[in-house]
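Asker: Before we start, here is the structure in question, set down as structure tokens.
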Amino acid sequence: MTQLKESDQQNGTTKQMTMIQAINDGMRLMLEEDDRTIILGEDIGKNGGVFRATEGLQEKFGVERVVDTPLSEAGIIGTSIGLAVNGFRPIAEIQFLGFIYPAYEQIMTHVSRLRMRSMSHFTVPMVIRAPYGAGIRAPEIHSDSTEILFTHMPGIKVVCPSNPYDAKGLLIAAMEDPDPVLVLETMKNYRSKREEVPVGKYTVEIGKGEIVREGTDVTLIAWGAMVSIAEKAAEQAEKKGISCEIIDLRTLYPIDRDIIAQSVQKTTRAVIIHEAHNSGGLGNDLVSIINDTSFLYLRAPIERVTGFDVPVPFFTLEEHYLPTPARVVEGIEKVVHF
Amino acid sequence: MTQLKESDQQNGTTKQMTMIQAINDGMRLMLEEDDRTIILGEDIGKNGGVFRATEGLQEKFGVERVVDTPLSEAGIIGTSIGLAVNGFRPIAEIQFLGFIYPAYEQIMTHVSRLRMRSMSHFTVPMVIRAPYGAGIRAPEIHSDSTEILFTHMPGIKVVCPSNPYDAKGLLIAAMEDPDPVLVLETMKNYRSKREEVPVGKYTVEIGKGEIVREGTDVTLIAWGAMVSIAEKAAEQAEKKGISCEIIDLRTLYPIDRDIIAQSVQKTTRAVIIHEAHNSGGLGNDLVSIINDTSFLYLRAPIERVTGFDVPVPFFTLEEHYLPTPARVVEGIEKVVHF
Amino acid sequence: MEQNYPMKRIIDDQGNLVDASFEDMIDEKLVKELYYNMIRIRTYDRKAINLQRQGRLGTYAPFEGQEAAQVGSALALNSDDWVFPTYRDHGATITFGKSMARTFLYWNGRVEGCVPPEGKNIFPPAVPIATQLPHAAGAAWAEKLRGTRNASIAYFGDGATSEGDFHEGLNFASVFQVPVVFFNQNNGYAISVPIEKQMNSATIAQKSVAYGMPGVRIDGNDCLSVYFETKKAFDHARNGDGPTLIEAVTWRTGAHTTADDPSKYRPKEQGEHIVDPITRIELFMKNYGYWDDQWVQDIKAKTTIEVEQAVEEMENFPPPNVNDVFDHVFAEMPTQLAEQKEAYLAHLERQ
Amino acid sequence: MEQNYPMKRIIDDQGNLVDASFEDMIDEKLVKELYYNMIRIRTYDRKAINLQRQGRLGTYAPFEGQEAAQVGSALALNSDDWVFPTYRDHGATITFGKSMARTFLYWNGRVEGCVPPEGKNIFPPAVPIATQLPHAAGAAWAEKLRGTRNASIAYFGDGATSEGDFHEGLNFASVFQVPVVFFNQNNGYAISVPIEKQMNSATIAQKSVAYGMPGVRIDGNDCLSVYFETKKAFDHARNGDGPTLIEAVTWRTGAHTTADDPSKYRPKEQGEHIVDPITRIELFMKNYGYWDDQWVQDIKAKTTIEVEQAVEEMENFPPPNVNDVFDHVFAEMPTQLAEQKEAYLAHLERQ
Ligand SMILES: Cc1ncc(C[n+]2csc(CCOP(=O)(O)OP(=O)(O)O)c2C)c(N)n1
Ligand SMILES: Cc1ncc(C[n+]2csc(CCOP(=O)(O)OP(=O)(O)O)c2C)c(N)n1
Ligand SMILES: [Mg+2]
Ligand SMILES: [Mg+2]
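What follows is the structure in structure tokens.
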């Protein structure tokens, strides 16, 4: 990653980590550093989490700080609110984003609104972690990507790292944030690659996207698992003589509008890629941002390459639901040859 | 309303009704006509509903068909699913949209997906009614307008009438629809005006918007309580020599893209008005639709006049949250003088 | 089941001591404190209804009839405990130390009404039913983890027992054995829905069985019983023995809110036999020599002044500030929200 | 509380009849049907695990150890009853009439696996925990309103009792006295979380007290006890007497799913003393003269063929159809979805 300081690598203070290891490392670090940190979730203790995100943490920090809860998402989020208001810094793991809905009321009405309702007297500095997205041949209902349900909820921030470095840095930033942060962890990338990640503490600023590929003809905007789809599409497009710039959005609320505006004003064209359904998807917000900031620069209608307006299909058909490099390339060609 | 047939009025088969009366009338009619109709909700029986939407219905149709349930939204929606799958046509009343969240999982995972998950073997022909929106000085949390949470949910339709005629017609259409329909009832309009409404059965087609004011310079798109805000703004704009066309969207999913495209291609400018938060709001979808269909026609960036990215404030401040005619007029001027 | 959860009472409808085992624990200070606070909050409540009728307050939820339950429980708390009320429990929160003026402000659509006095752990009223139960468990859990002797109380109604959050809150509390008291005011109705349609169980207390926690059913109009049973549950909690479910059987004399008409759904006779909780303690005070005419006159006069001053404070409160629409969403305002605010304030300037 | 809900059993671990009151109701037909179906579904289950290991099936949730609970309960149903299973209850649904091949398809990521045979009211497996309980209550309610004698059964695990939907489902069922049986398989774990961390109550059966409904705790590895107690609960339901909560205490021998490693969280010894439910009924059959070597050989051979044929059917099933991504969202496809479909199919053509 661009942020990785050369010094880190040189003096051996980095380590090869997958995204899930980087997440684990971030939590370990904060459990060590801040005794207000407490982790709650289903199967996160002895079992170390169904994806092993909390592997070894209960052993190291005890059952009072890494807590296996009953099977009850509203209970997890609801009691975390009480813990957060009363001095702790809970990290609540929701086993899959598709199972967060029982806690939706607690998040919508309390996690996000308590600061406002109490004029900042009570605050809820908590982190909710949720694996999300399709493409790993999971059983049905395990593959939702419904980020908009949380970006349309004033009072909570939403981040979505696509790689190990950002995952650890954003997670630590979330844990230090005075307000609630939802961390969406794209399952497909949990083990998809290893990278050098600093072993020490660092943060990636919430609210900032990153240019992960520079280009001149068209801007691709993506996050989570879609970043690598965008990258593959950009490579294919390059062979066709089209130069793509790629923004990894990283934070879904608040959105980094400047990075989008600057890039689109340079390239004059945009393709947005996300796995959520088209209708109501965050892609529409991005279209609005471009409309608001860069109307006169645009040379073609913005393309959105997204999941369809259908429930995420069973895994034998999920490849037909998810954006593919081929679909993105068609989107790119469409805006370029408009 | 434009749909009101002259014959209806002439042979006395219409009656003056408020929106809440029209809704009551629609339910009464379907309880009479279709013995599969059953209504479930909190305080809908003897009390006739907190807004009197079900006034008199339990008296007339009995406690088995107009059922006071326990205080449990997931229970209401969850058992309605079982009733619907097993031959009934439930209408579930949620007392306020702000209290629908405990049932969000049932709606998200089952109401909307059961047809798909069973390849149409099991279907859920049910109606969910929910009063929504701000502006009536209700206690906090009673004023949410979170339509996007349901338009981003494949498998359920969402309608939002702004007047008595549409309210009855859309409600009956919803009750006859083979799929689940969420009816958002804008509280502010429940008693705001009386209109001639046919006493007999009629439907307003789901998925169709309506031009409620014709104009040439700019298209205003609104629904629910925002339609009359748009109308007031249009009057003020007219005084400034600006001619506004107004679309009452009426159905929020699936959206009537044709009516939007036709109008915007004519006027070349658009202002979208909604009370939901700006980020993640349905206005973004409309911007995308215009981007997709009418890019080359647009002479100015689309304006969105919406609720802010804050929880709906307590009622002494709600006027500062809600779009006003004055804010809409500024939006209109902005697009016209771009 | 009902026989397993007999309704406990210390004084009966005629103000007679019916459970002599408490005799030694009852003293003048306690009786007068209970009485005084019940008078205070009743005066407050009636004033609020009047203000609402005069258009000087928004929709209001009265608690008349439930004073014994609210005062008896609130007086059993320690000052560092945590209180999680509903929209009907401002009798309890005022007794615990919430300002009357702020409470009026709440009912007047002012967010300032949610802010408790510094050092008093009073949550904003739970509006979505039963959502506060897990919060109370969580706050109590934090106390347990820190090793204090503080505890939480969650107030909730009979209707609230039907929500999933009731169940999840009690389950968490019992699994983690946290110091919380679940204090149910069973006033027989959830708006228009009578308890027989809310649940098939004969009592609410018996729901404790599902969580392996103690459950107790008390006469919620007997302020002494409420006080001592709540105290007992708190002692239990503070000693590390976990949560308790208390069902205080009571009655809402008036409407659900000022927007509600109970004659639509409640037979007129239904509450007629119920002796008002303030009358009950008055009879007791007279029967047992605690009554003091002068003192009663004094506190009533004092209370009337207190309430009037609160009205004045409310009405002279600085007007709502448009900045508050934007300023308390995040600790640091995101750029896009700052821009929305700026644009809106500029718009207001132009008007 | 535990003493109020003693674990009922008819045959013990050695296959001896310990409750003679059932002696007259047990006949060869029943015993053989129970045994035959337990063999069928175990053969199915083991095959599925093998297929998964060979990469011929997706992640799979085995039920070995729970056959008595699933077969005993499913055989107690009438053919028009409604079944609401979880992802672990295909032993029950296959017994009730679901096709083995379709069940394999489900585990192979095929939506066709959710479709029941015509006339069999089998819901798609509930994946979000406990959400099926209100559905079961609703379907039962419809039967009651129509005046039939049909009923519902909702299957769910010990972990499911912690969710709000468990509570809301049981509460609705008890308030409206609908004909539903809530059949809990307490296998001691929710993935890695043991029941002591899931709840503070000694039994699941006692949770029935909260709803004023009968609760019964049975040895879920005793297929006769499961059969007769389920039958009794159904009779109760069909007679208009409302719902029952059954806790069938059982044990999952294997992993939560093929993606899970129980040695991480479950002490090896923990399940060792548990006598396999099929061994149990075998011992009983031998003890009481129901055992017939030839018949056993025959049904095992037959079952092996049945399962092999189901594998073949699954593997020869028409490949997944991309149209199914779009075609079952609404009865009539909205224009915008039709356009998405058309555009995507055109895109596929171009590839
Ligand atoms: C989740 C939710 N659903 C519905 C409502 C609307 N509502 C407000 S108060 C109330 C009745 C509450 O009854 P109960 O719990 O007995 O308390 P009481 O009002 O009698 O004090 C209802 C249905 C709400 N506030 N929240
Ligand atoms: C709402 C929800 N939360 C979490 C999960 C993930 N999950 C799947 S199975 C399971 C454990 C269920 O345990 P139990 O109810 O005892 O049933 P068993 O698996 O033992 O049959 C969990 C936590 C889920 N499917 N749904
Ligand atoms: Mg009540
Ligand atoms: Mg289990």
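Protein sequences appear in the order of chains A, B, C and D. Heads up: take any position in the first sequence, counting from 1, add 179, and you land on this note's numbering. Heads up: take any position in the second sequence, counting from 1, add 179, and you land on this note's numbering. Heads up: take any position in the third sequence, counting from 1, add 7, and you land on this note's numbering. Heads up: take any position in the fourth sequence, counting from 1, add 7, and you land on this note's numbering. Think of the CB as a built atom: it goes at the ideal place given N, C-alpha and C, for glycine as much as any other residue. Given the structure is predicted, the values throughout are model-derived calculations rather than measurements.
Compare the Cα-Cα distances from residue 234 of chain B to each of C:271, C:55 and C:259 and report the closest residue.
Answerer: Stepping through the second sequence from its first residue, residue 234 of chain B is reached at position 55. Ranking C:271, C:55 and C:259 by Cα distance to residue 234 of chain B puts C:271 first.
Asker: Which bits of chain G does residue 275 of chain B rub up against, with CB to CB less than 8 Å?
Answerer: The structure shown contains no chain G; the protein chains it does contain are A, B, C and D.
Asker: From A:258, A:229 and A:368, pick the residue whose C-alpha is nearest to that of residue 314 of chain A; which is it?
Answerer: Residue mapping note: residue 314 of chain A aligns to position 135 of the first sequence, counting from 1. Residue 314 of chain A has its Cα closest to that of A:368, out of A:258, A:229 and A:368.
Asker: For residue 501 of chain B, name the three-state secondary structure that DSSP assigns.
Answerer: As a position in the second sequence, residue 501 of chain B is number 322, starting the count at 1. Coil.
Asker: Pull up the DSSP beta-bridge partners for residue 354 of chain B, would you.
Answerer: As a first step, residue 354 of chain B must be located in the second sequence, where it is residue number 175. In the DSSP output, where bridge partners are listed per residue, residue 354 of chain B has none listed.
Asker: Using CA atoms only, rank isn't needed, just tell me which of D:335, D:111 and D:135 is closest to residue 524 of chain A.
Answerer: Since the first and last residues shown for chain A are 180 and 517, residue 524 of chain A lies out of range.
Asker: In chain A, which residues lie less than 7 Å from residue 354 of chain D when you measure between Cβ atoms?
Answerer: Here residue 354 of chain D refers to the residue found at position 347 when the fourth sequence is read from its first residue. By Cβ distance, chain A contributes 506 and 509.
Asker: For residue 266 of chain A, is the classification buried or exposed, using 16 other Cβ atoms within 10 angstroms of its Cβ as the cut-off for buried?
Answerer: Reading the first sequence from its first residue, position 87 is the one you call residue 266 of chain A. Exposed.
Asker: I need the boundaries of the beta strand (DSSP E) containing residue 311 of chain A, first residue and last residue.
Answerer: Along the first sequence, read from residue 1 onward, the residue named residue 311 of chain A stands at position 132. Residue 311 of chain A -> beta strand (DSSP E) spans 306 to 311.
Asker: For residue 271 of chain C, would you say it is in contact with chain B, using Cβ-to-Cβ distances shorter than 8 Å as the test?
Answerer: Here the question's residue 271 of chain C lines up with position 264 in the third sequence. Yes, because at least one Cβ of chain B sits closer than 8 Å to the Cβ of residue 271 of chain C.
Asker: Where residue 214 of chain A and residue 264 of chain A are concerned, what is the direct C-alpha to C-alpha distance, given to the nearest angstrom?
Answerer: What you label residue 214 of chain A is simply residue 35 of the first sequence in a count that begins at 1. What you label residue 264 of chain A is simply residue 85 of the first sequence in a count that begins at 1. The straight-line gap from Cα to Cα measures roughly 15 Å.
Asker: Mind checking the region 247 to 272 of chain A against chain D and listing, in chain order, the residues whose C-beta falls within less than 9 Å of any C-beta there?
Answerer: 247, 248, 249, 250, 251, 252, 253 and 254
Asker: Just to confirm, does residue 213 of chain A get its C-beta within under 7 Å of one of the non-hydrogen atoms of ligand 3?
Answerer: Counting from one through the first sequence, the residue named residue 213 of chain A turns up at place 34. Every heavy atom of ligand 3 is 7 Å or more from the Cβ of residue 213 of chain A, so no.
Asker: Please confirm if residue 43 of chain C has its CB atom under 8 Å from at least one CB of chain D.
Answerer: Residue numbering aside, residue 43 of chain C sits at position 36 when the third sequence is read from its first letter. Not closer than 8 Å to any Cβ of chain D, the Cβ of residue 43 of chain C fails to qualify, so no.
Asker: Is residue 130 of chain D close to ligand 2? I mean its beta-carbon at under 7 Å from any heavy atom of the ligand.
Answerer: Counted from its first residue, the fourth sequence places residue 130 of chain D at position 123. Residue 130 of chain D Cβ: outside cutoff for every heavy atom of ligand 2.
Asker: Taking 8 Å as the threshold (C-beta atoms), are residue 230 of chain B and residue 252 of chain B in contact?
Answerer: To locate residue 252 of chain B, count along the second sequence from 1; it is residue 73. To locate residue 230 of chain B, count along the second sequence from 1; it is residue 51. No, the Cβ-Cβ distance between residue 252 of chain B and residue 230 of chain B is not below 8 Å.
Asker: Are residue 486 of chain B and residue 457 of chain B touching if we call contact CB-CB under 8 Å?
Answerer: Here residue 486 of chain B refers to the residue found at position 307 when the second sequence is read from its first residue. Here residue 457 of chain B refers to the residue found at position 278 when the second sequence is read from its first residue. Yes.
Asker: Is residue 194 of chain D near ligand 4 - that is, is its Cβ less than 7 Å away from at least one heavy atom of it?
Answerer: Counting from 1 along the fourth sequence, the entry for residue 194 of chain D is found at position 187. Indeed, a heavy atom of ligand 4 lies less than 7 Å from the Cβ.
Asker: Distance cutoff 8 Å, beta carbons only. Does residue 86 of chain D sit that close to anything in chain C?
Answerer: By one-based count along the fourth sequence, residue 86 of chain D stands at place 79. No, because no Cβ of chain C sits closer than 8 Å to the Cβ of residue 86 of chain D.
Asker: For a test of your reading of the model: does the CB of residue 404 of chain A fall under 7 Å from any non-hydrogen atom of ligand 6? Yes or no.
Answerer: Ligands present in the displayed structure are limited to ligand 1, ligand 2, ligand 3 and ligand 4, and ligand 6 is not among them.
Asker: Taking 7 Å as the cut-off, is the beta-carbon of residue 235 of chain B closer than that to any non-hydrogen atom of ligand 2?
Answerer: One-based indexing of the second sequence puts residue 235 of chain B at position 56. Outside the cutoff, so no.
Asker: Check distances from the C-beta atoms of the region 351 to 363 of chain B to those of chain D and list, in chain order, the residues that come in under 9 Å.
Answerer: If the cut-off is 9 Å between Cβ atoms, the region 351 to 363 of chain B has 356, 357 and 358 near chain D.
Asker: When Cβ atoms are compared, which residues of the region 296 to 324 of chain D fall closer than 8 Å to chain A?
Answerer: The region 296 to 324 of chain D vs chain A, Cβ under 8 Å: nothing.
Asker: Can you look up residue 142 of chain C in the DSSP assignment and give me helix, strand or coil?
Answerer: In the third sequence, the residue the question calls residue 142 of chain C occupies position 135. In this structure, residue 142 of chain C counts as helix in the three-state DSSP scheme.
Asker: Tell me the DSSP secondary structure of residue 268 of chain A in three-state form.
Answerer: Working through the first sequence from its first residue, we reach residue 268 of chain A at position 89. In the structure shown, residue 268 of chain A sits in a strand (DSSP, three-state: E or B).
Asker: Return the chain-ordered list of same chain residues with a C-beta closer than 6 Å to the C-beta of residue 237 of chain C, the five sequence neighbours on each side being excluded.
Answerer: Translated into the one-based positions of the third sequence, residue 237 of chain C becomes position 230. Cβ within range, chain order: 80 and 83.
Asker: Which runs of the alpha helix (DSSP H) at least 4 residues long sit entirely within the region 66 to 145 of chain D? Give them in chain order.
Answerer: Counting only runs of 4+ residues, the alpha helix (DSSP H) found wholly inside the region 66 to 145 of chain D occupies 74 to 81, 97 to 103 and 107 to 114, in chain order.
Asker: Among the residues of its own chain, which have a CB less than 7 Å from the CB of residue 138 of chain C, if the five just before and after it don't count?
Answerer: For the purposes of this step, residue 138 of chain C is identified with residue 131 of the third sequence, where counting begins at 1. Counting only Cβ-Cβ distances below 7 Å, and skipping sequence neighbours, we find 172.
Asker: According to DSSP, is residue 284 of chain A helix, strand or coil?
Answerer: For the purposes of this step, residue 284 of chain A is taken as the residue at position 105 of the first sequence. Reduced to three states, the DSSP call for residue 284 of chain A is helix.
Asker: For the alpha helix (DSSP H) containing residue 40 of chain C, name the first residue and the last one.
Answerer: In the third sequence, residue 40 of chain C corresponds to position 33, counting from 1. Boundaries of the alpha helix (DSSP H) around residue 40 of chain C: 35 to 60.
Asker: Would residue 31 of chain D be called buried (16 or more neighbouring beta carbons within 10 Å of its own) or exposed?
Answerer: In the fourth sequence, residue 31 of chain D corresponds to position 24, counting from 1. Residue 31 of chain D should be labelled exposed.
Asker: Taking the alpha-carbon positions, what's the residue 251 of chain C to residue 169 of chain C distance?
Answerer: For this step, residue 251 of chain C is matched to residue 244 along the third sequence. For this step, residue 169 of chain C is matched to residue 162 along the third sequence. If I take the Cα positions, the gap works out to 18 Å.
Asker: Please state the DSSP three-state secondary structure of residue 15 of chain C.
Answerer: Mapped onto the third sequence, residue 15 of chain C falls at position 8. Strand at residue 15 of chain C.
Asker: Determine, for residue 150 of chain C, whether the minimum Cβ-Cβ distance to residues of chain A falls below 8 Å.
Answerer: The residue given as residue 150 of chain C occupies position 143 in the third sequence. It does: the Cβ of residue 150 of chain C has a partner Cβ on chain A nearer than 8 Å.
Asker: Using a threshold of 7 Å, is the CB atom of residue 197 of chain A nearer than that to any non-hydrogen atom of ligand 1?
Answerer: Indexing the first sequence from 1 puts residue 197 of chain A at position 18. Answer for residue 197 of chain A: no, Cβ out of range of ligand 1.
Asker: Identify the residues that DSSP records as bridge partners of residue 193 of chain D: which are they?
Answerer: Within the fourth sequence, residue 193 of chain D is the residue found at index 186, counting from 1. Residue pairing for residue 193 of chain D: DSSP places it in a beta bridge opposite D:256.
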